[in-house]
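Enquirer: Starting off with a structure, shown below.
There are 2 protein chains.
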Amino acid sequence: MSKKEYIRKQIARTNKKDYENYVVSRIVHLLDNLDVKFVTQQYVQKENGYYMADLYFPQLNYFVEIDESHHLKQEKADQIRDADFQNVVGIRPRRIDVCNATIEDINNQCDKTVEEIETIIDNKRTKNEFVPWDPSKEFNPDTWIKKGKITTKDKVAFRRIVDGCKALGLDYKGFQRAGAKHPFEQNTLIWFPKLYQNGVWENFYDEEKGVIQEKNIESKEKRIKHIEYHLNDPLKRRIVFARVRDPLGFILYRFRGVFELDEDTSNYKDGLCWRRTSNEAKTYNYRKIELPSLI
Amino acid sequence: MSKKEYIRKQIARTNKKDYENYVVSRIVHLLDNLDVKFVTQQYVQKENGYYMADLYFPQLNYFVEIDESHHLKQEKADQIRDADFQNVVGIRPRRIDVCNATIEDINNQCDKTVEEIETIIDNKRTKNEFVPWDPSKEFNPDTWIKKGKITTKDKVAFRRIVDGCKALGLDYKGFQRAGAKHPFEQNTLIWFPKLYQNGVWENFYDEEKGVIQEKNIESKEKRIKHIEYHLNDPLKRRIVFARVRDPLGFILYRFRGVFELDEDTSNYKDGLCWRRTSNEAKTYNYRKIELPSLI
Chain A
1 MSKKEYIRKQ
11 IARTNKKDYE
21 NYVVSRIVHL
31 LDNLDVKFVT
41 QQYVQKENGY
51 YMADLYFPQL
61 NYFVEIDESH
71 HLKQEKADQI
81 RDADFQNVVG
91 IRPRRIDVCN
101 ATIEDINNQC
111 DKTVEEIETI
121 IDNKRTKNEF
131 VPWDPSKEFN
141 PDTWIKKGKI
151 TTKDKVAFRR
161 IVDGCKALGL
171 DYKGFQRAGA
181 KHPFEQNTLI
191 WFPKLYQNGV
201 WENFYDEEKG
211 VIQEKNIESK
221 EKRIKHIEYH
231 LNDPLKRRIV
241 FARVRDPLGF
251 ILYRFRGVFE
261 LDEDTSNYKD
271 GLCWRRTSNE
281 AKTYNYRKIE
291 LPSLI
Chain B
1 MSKKEYIRKQ
11 IARTNKKDYE
21 NYVVSRIVHL
31 LDNLDVKFVT
41 QQYVQKENGY
51 YMADLYFPQL
61 NYFVEIDESH
71 HLKQEKADQI
81 RDADFQNVVG
91 IRPRRIDVCN
101 ATIEDINNQC
111 DKTVEEIETI
121 IDNKRTKNEF
131 VPWDPSKEFN
141 PDTWIKKGKI
151 TTKDKVAFRR
161 IVDGCKALGL
171 DYKGFQRAGA
181 KHPFEQNTLI
191 WFPKLYQNGV
201 WENFYDEEKG
211 VIQEKNIESK
221 EKRIKHIEYH
231 LNDPLKRRIV
241 FARVRDPLGF
251 ILYRFRGVFE
261 LDEDTSNYKD
271 GLCWRRTSNE
281 AKTYNYRKIE
291 LPSLI
């Protein structure tokens, strides 16, 4: 998707709530920087639950809340369980009050927000940490192979499973299964799970604690068999790309970190427990694999 | 309506068409001038028919068309016959191409538009012709009484019939009839007609030619009686405020000029023909009228 198309789609989503479109478009137009990506109506995880942020800047991990932020009720949170939540625990949102403000006040708050964003960008540039938004690069495995690693901080995601595999050194055209054995790292699976209830799987992910629960709910026998299989299997390390839906509705495989099986916590009732041990993984130059090691 | 509320409503209307919201909001935010009123989706009359302008600045008589302008088909034009059309005959729109443009091109075109608007404002300021937008003044009869006159060029309109009467020296609380005898000018009616077919009246207005056709269509007898009455009546001069609906759906009485009965052109078939003889009318200090001269 071009920046043109992306920006149009993002802006177009903001028009239903009073003043949201006005505030979002003012900030975007006054910032006037096509190197900065923005997301409207981004689901975020804060200290005490899931929320919808009206405007989010992924490169800066900065978000804007227009008036009160909207805490998602449990039902709503369940509905959007496949959404590409962003972890903003510990980050204070920039609040913009529109209800009790004159138009001059609203403009003023937007303008201050823009100044603040510009300062953050300048600081990042100084520290050589600012990566300009480039749609042709952000989901391209080559970008990360060149970097030598993927990190959760860099908000790495891929559009397709094959791209995630490629970044880790595995080039298999048309590969679509949810897991592939890592070609270079021992006892490691590259995993592309749905981290929510789907089909016979009752999976669950806690971003803050860095814990994935994985459980088969087809039958008691299958559940136990699945657990025992993995407790005895040497592949106890997983590089995880969670299958999510981005705010425009497209599928993404979002890098969530490296996880290891916690054998003590895993049990027959709750299933397997995978615990995050690292927020980054090495990338590798890929080579054509004729017969990939599937599981 | 406050500027805040007005601006929100105007911006909110532009979100259905691709890129319209992006372009309109960019121009408005970069212009960043609360003294300048703007109207989105303004119906305009051009050389060859009625159109919808995507963005219109009434103080500057300047309008923006995003891609192709939308010529209104006859059926559509009939539906919106009570709309507050603006006459833009002879004015070239600023066109913004979005379909064949990159996002950088679109931004560039918007920015040039903003520069052009700023130049127009500066020129008007130099000539002392720029009146800052003030919602509390624009529909207030006192504004025009102070000026000594109303003109079509100043785009004078009132929210209520009483306000139109007041501006011409007639203060009658709660007056709602469509015509009042002018308190100071001889043989003159202050008229607030619907200039389109309504009830038993088949009225018609041609802004470019400055002609109003007025015809009763209840029956042949009534039509002839109405025509003969006026041909014999001394009130052959009318100060006209057409009842229209503004782009946000509110009623306005728009000053259209001073008209005089054209006895030669009026006939039993087409009805009365009123011809514009002036684009301005004097205003007067009002005084309480106990028994106004109604017709």
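Protein chains in written order, with full-length UniProt numbering: chain A, 1 to 295; chain B, 1 to 295. Yeah, the Cβ is synthetic: ideal placement off N, Cα and C, and Gly gets one too.
Between B/Val156 and B/Phe63, how many whole angstroms is the CB-CB distance? I'm expecting something under 8 Å.
Expert: In fact, because the Cβ distance is near 19 Å, the residues do not count as touching under 8 Å.
Enquirer: For B/Asp270 versus B/Gln213, is the C-beta distance shorter than 8 Å?
Expert: Yes.
Enquirer: Establish whether the CB of B/Thr40 and some CB of chain A are separated by less than 8 Å.
Expert: Not closer than 8 Å to any Cβ of chain A, the Cβ of B/Thr40 fails to qualify, so no.
Enquirer: Can you tell me whether B/Trp133 is helix, strand or coil according to DSSP?
Expert: Of the three classes helix, strand and coil, the one that applies to B/Trp133 here is coil, per DSSP.
Enquirer: To the nearest angstrom, how far is the alpha carbon of A/Glu5 from that of B/Glu20?
Expert: Going from the Cα of A/Glu5 to the Cα of B/Glu20 covers about 13 Å.
Enquirer: For A/Thr113, count neighbouring Cβ atoms within 10 angstroms of its own Cβ and tell me buried if that reaches 16, exposed if not.
Expert: Its Cβ being crowded by 16 or more others within 10 Å, A/Thr113 is buried.
Enquirer: Can you tell me whether A/Val240 is helix, strand or coil according to DSSP?
Expert: Residue state, collapsed to three classes: strand.
Enquirer: Any idea which residues DSSP pairs B/Asp206 with across the strands?
Expert: In DSSP, B/Asp206 forms a bridge with B/Val211.
Enquirer: Return yes when the Cβ of A/Asn61 is within less than 8 Å of the Cβ of A/Ile91, no when it is not.
Expert: In contact: A/Ile91 and A/Asn61 (Cβ atoms closer than 8 Å).
Enquirer: Relative to the C-alpha of B/Asn48, which residue among B/Pro193, B/Val244, B/Glu207 and B/Arg95 is closest?
Expert: Among B/Pro193, B/Val244, B/Glu207 and B/Arg95, the Cα nearest to that of B/Asn48 is on B/Glu207.
Enquirer: Taking 6 Å as the limit between beta carbons, can you name the residues of its chain near A/Asp35, skipping five residues before and five after?
Expert: Excluding sequence neighbours, A/Asp35 sits near Pro132 and Trp133.
Enquirer: Tell me A/Asn198's beta-bridge partners as DSSP assigns them.
Expert: Bridge partners of A/Asn198: A/Trp201.
Enquirer: Do A/Val24 and A/Ile11 have their beta-carbon atoms positioned less than 8 Å apart in this structure?
Expert: Yes. Within cutoff.
Enquirer: State buried or exposed for A/Glu218, treating a residue as buried only when at least 16 other CB atoms are found within 10 Å of its CB.
Expert: Exposed, since its Cβ has fewer than 16 Cβ neighbours within 10 Å.
Enquirer: Kindly indicate which residue of A/Lys181, A/Arg160 and A/His226 has the alpha-carbon position closest to the one of residue 333 of chain A.
Expert: Residue coverage of chain A in this structure runs from 1 to 295, which leaves residue 333 of chain A outside it and unanswerable.
Enquirer: For the segment 3 to 31 of chain B, which residues have a beta carbon sitting closer than 8 Å to at least one beta carbon of chain A?
Expert: Against chain A - using a Cβ distance shorter than 8 Å - the residues of the segment 3 to 31 of chain B are Lys3, Lys4, Ile7, Arg8, Ile11, Ala12, Asn15, Asp18, Tyr19, Asn21, Tyr22, Ser25, Arg26, His29 and Leu30.
Enquirer: Take the Cβ of A/Asp54 as the centre, count every other Cβ of all protein chains shown within 10 Å, and call the residue buried at 16 or more, exposed below.
Expert: Buried.
Enquirer: According to DSSP, is B/Ala83 part of a helix, a strand, or is it coil?
Expert: Here B/Ala83 sits in strand by DSSP.
Enquirer: By how many angstroms is the C-alpha of A/Leu30 removed from the C-alpha of A/Ile121?
Expert: Rounded to the nearest angstrom, the two C-alpha atoms are 14 Å apart.
Enquirer: Count the other CB atoms within 10 Å of the CB of A/Tyr268; is the residue buried (16 or more) or exposed (fewer)?
Expert: Under this definition A/Tyr268 is an exposed residue.
Enquirer: Excluding sequence positions up to five away, which residues of its chain have a Cβ less than 6 Å from the Cβ of B/Gln109?
Expert: Once the five neighbours on either side are set aside, the close Cβ partners of B/Gln109 are Ile96.
Enquirer: Assign B/Asp233 to one of two classes, buried (16 or more other C-beta atoms within 10 Å of its C-beta) or exposed (fewer than that).
Expert: Exposed is the call here.
Enquirer: Please confirm if B/Leu34 has its CB atom under 8 Å from at least one CB of chain A.
Expert: Yes, contact with chain A.
Enquirer: Thinking just about the alpha-carbon of each residue, which of A/Gly249, A/Asp264, A/Gln59 and A/Val240 is nearest to the one in A/Val258?
Expert: Checked all of A/Gly249, A/Asp264, A/Gln59 and A/Val240; the closest Cα to A/Val258 is A/Val240.
Enquirer: Nearest chain B C-beta to A/Ile103 closer than 8 Å, yes or no?
Expert: Answer yes: the Cβ-Cβ gap between A/Ile103 and chain B drops below 8 Å somewhere.
Enquirer: How long is the line joining the alpha carbons of B/Thr265 and A/Ile7, rounded to whole angstroms?
Expert: If you take the alpha carbons of B/Thr265 and A/Ile7, they lie about 57 Å apart.
Enquirer: Give the DSSP bridge partners of B/Thr151, in chain order.
Expert: Beta-bridge pairing links B/Thr151 to B/Glu280.
Enquirer: Span of the beta strand (DSSP E) holding A/Val258?
Expert: Ile251 to Leu261 is the span of the beta strand (DSSP E), which, as asked, contains A/Val258.
Enquirer: Please state the DSSP three-state secondary structure of A/Gly164.
Expert: Note: A/Gly164 maps to helix in three-state DSSP.
Enquirer: Going straight from the alpha carbon of B/Tyr286 to that of B/Leu168, what length do you get?
Expert: The straight-line gap from Cα to Cα measures roughly 7 Å.
Enquirer: Look at the Cβ atom of A/Asn187, then the Cβ atom of A/Arg237, and state whether they are nearer than 8 Å.
Expert: Cβ distance < 8 Å, so A/Asn187 and A/Arg237 count as in contact.
Enquirer: If you drop the 5 nearest sequence neighbours on each side, which residues of the same chain put their C-beta closer than 6 Å to that of B/Glu280?
Expert: Answer for B/Glu280: Lys149 and Thr151, listed in chain order.
Enquirer: Per DSSP, A/Thr188 is paired with what?
Expert: A/Thr188 is bridged to A/Arg237.
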